[in-house]
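Asks:
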Amino acid sequence: MALNTAVMRVGRTVAWVALGLMVFVILLQVVFRYGFNSALAWPDEAARFLMLWMTGLVAPLAFRHGGFVAIDMLPRALPARPALLLTLILLTLSGMVLVVAIQFGWGHTFGFGGNFDSSSLRIPLDWLGGESIRVKLRYMYASLLVGMVLLLAVNVELILRALILLGRPDFQVPDDGIMESMERAD
């Protein structure tokens, strides 16, 4: 739990920075396109890059805090123990889907598609006397892989919390808002 908390804290901070940069890049494109009538080639792809990373870093945090859309009428209608069993089954299924998603993310990031260069994103080392380096698409695709790995880590944490509550219903699991999505309203 402590590791997930630390990683989520860093991810949230990086996601806020990515969001701020994304807004800046989009506004820069608007100014150049409509103010100077000279659209830049890179801001659209840079904004997409930042949005993908922001999503990959924030989705695990939302999952951890019960922020995903869920149909929870059945678990809320059930007594506590059957509700936890149902939650455990659903989390196990989610974990299996996440393992498959990680395999797809790995293949996409490090496979054939990740070898291509971005059409417009470059690291402008030519400003410093070097050569401009084109950004590999694998750095964009890696947001899927990282997001799925972080989602799986949170999923494992939620499974462990559900198992603890199944074994010891009176146990107070250290909580930073995570269990709200798993506890039934009495």
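Under our numbering, the residues of the sequence shown are numbered 2 to 187, in order. Glycine included, every Cβ here is placed at the ideal spot set by N, Cα and C. Remember, predicted model here, so these are calculated numbers, not experimental data.
Could you check whether M55 and A7 sit closer than 8 angstroms to each other, using their CB atoms as the reference points?
Replies: no
Asks: Which partner residues of R135 appear in the DSSP bridge assignment?
Replies: R123
Asks: Check the C-beta distance from A16 over to L53 and give it rounded, since I have them as a contact under 8 angstroms.
Replies: Rounded, the Cβ-Cβ distance is 11 angstroms, inconsistent with contact.
Asks: Measuring alpha carbon to alpha carbon, tell me which residue in A3, L86, S144, G96 is nearest H109.
Replies: S144
Asks: Pull up the distance between the alpha-carbon of S121 and that of L4, whole angstroms please.
Replies: 36 angstroms
Asks: I need the straight-line Cα distance from V24 to A47, nearest angstrom please.
Replies: 11 angstroms
Asks: Output yes or no for whether 8 angstroms exceeds the beta carbon distance between R77 and M9.
Replies: no
Asks: Kindly identify the DSSP beta-bridge partner or partners of D118.
Replies: Residue pairing by DSSP puts D118 in a beta bridge opposite K137.
Asks: Check P188 in the structure and name its three-state DSSP category.
Replies: Because the chain here runs from 2 to 187, residue 188 falls outside it and cannot be looked at.
Asks: Just to confirm, are L99 and N156 a CB contact at a threshold of 8 angstroms?
Replies: yes
Asks: Hey, is the region 111 to 121 in contact with the region 35 to 51, meaning 3+ C-beta pairs nearer than 8 angstroms?
Replies: yes
Asks: Should L152 be labelled buried (16 or more other beta-carbon atoms within 10 Å of its own) or exposed?
Replies: buried
Asks: Would you call the CB atoms of L62 and A163 closer than 8 angstroms?
Replies: Contact flag unset, no.
Asks: I'd like to check one pair, G106 with L146: are the Cβ atoms closer than 8 angstroms?
Replies: yes
Asks: Using 10 angstroms around the beta-carbon of A71, count the other beta-carbons present and answer buried if the total reaches 16, otherwise exposed.
Replies: Exposed.
Asks: The alpha helix (DSSP H) with W17 in it runs from where to where?
Replies: 3 to 31
Asks: What alpha helix (DSSP H) runs, 4 residues minimum, are completely inside the region 39 to 117?
Replies: Whole alpha helix (DSSP H) segments, 4+ residues: 44 to 65, 74 to 78, 81 to 111.
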